[in-house]
Amino acid sequence: MDMVIVFLALFFTSIATFSYLAYKLYRRSIDRWVQVGWGIWVMLSFSMFLSGFLSGDIVMMVFGLAIAFGNISLFFSYYIKSELGGAKRFLEVIFGAVSLGIIVYGYVITGSLILEVATLFIIITILIAFMLSYFLPRIHAKLKSQRP
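Laid out in structure tokens, this is it:
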């Protein structure tokens, strides 16, 4: 019962905070709405992980952690300006891979159907991306050479 009250208090506090932030940022600039989106994703990932941890639902914890590491990777992409571009890219790739690895690891550990579907979707998406990155430049060059 006490945890329900704590979660309700956190929920209403976060709603009030985001509403105030959205109001202030809307008055300044539309570009600031991106920051509101980042905040929502961070709160979503944290609340999913916490909810899964407290209820013992491993699938919810896996998705919460995967979203959190994906957010960290995107944060490095958009907000970190580095003179050492290689180190920045390396960290982006590592956190992105960890995000995907958490879902695959969660499926291996639990055998959950939803994590299986997510794992298959990730594998298929990666395979299609690699195939397109290999074939599209060749197709583009071939079409460019056939123009009169």
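Position one of the sequence shown corresponds to residue 45 (this note's numbering), numbered consecutively onward. Beta carbons are placed, not taken as given, at the ideal position from N, Cα and C, and that holds for glycine.
Taking every protein chain shown into account, the CB of Leu144 has 16 or more other CB atoms within 10 angstroms, so this residue is buried.
Burial state of Ile168 is exposed, judged by a 10 Å Cβ sphere holding fewer than 16 other Cβ atoms. In the three-state scheme derived from DSSP, where H, G and I count as helix and E and B as strand, Arg191 is classed as coil. Between Gly140 and Ser117, the beta carbon gap of about 4 Å places them in contact (Cβ cut-off 8 Å). Taking a contact to require three or more Cβ pairs closer than 8 Å, the stretch 81 to 100 and the stretch 128 to 137 do not qualify as touching.
Under a 10 Å Cβ-count criterion, Met105 is classified as buried, with 16 or more other Cβ atoms of the shown protein chains found around its own Cβ. Looking at Phe113, Gly100, Val80, the one whose alpha-carbon comes closest to that of Ser89 is Phe113. With a threshold of 16 other beta carbon atoms within 10 Å, Gly108 meets it and is buried.
Under a 10 Å Cβ-count criterion, Tyr151 is classified as buried, with 16 or more other Cβ atoms of the shown protein chains found around its own Cβ. Secondary structure in the stretch 101 to 172: the alpha helix (DSSP H) runs of 4 residues or longer, each lying completely within the stretch, are 102 to 122, 129 to 154 in chain order. Proximity to Gly100 across Leu180, Thr154, Ile166 peaks at Thr154, based on C-alpha coordinates.
CA-CA distance, Gln79 to Gln190, rounds to 46 Å. Here the C-alpha atom of His184 lies approximately 17 Å from the C-alpha atom of Ile172.
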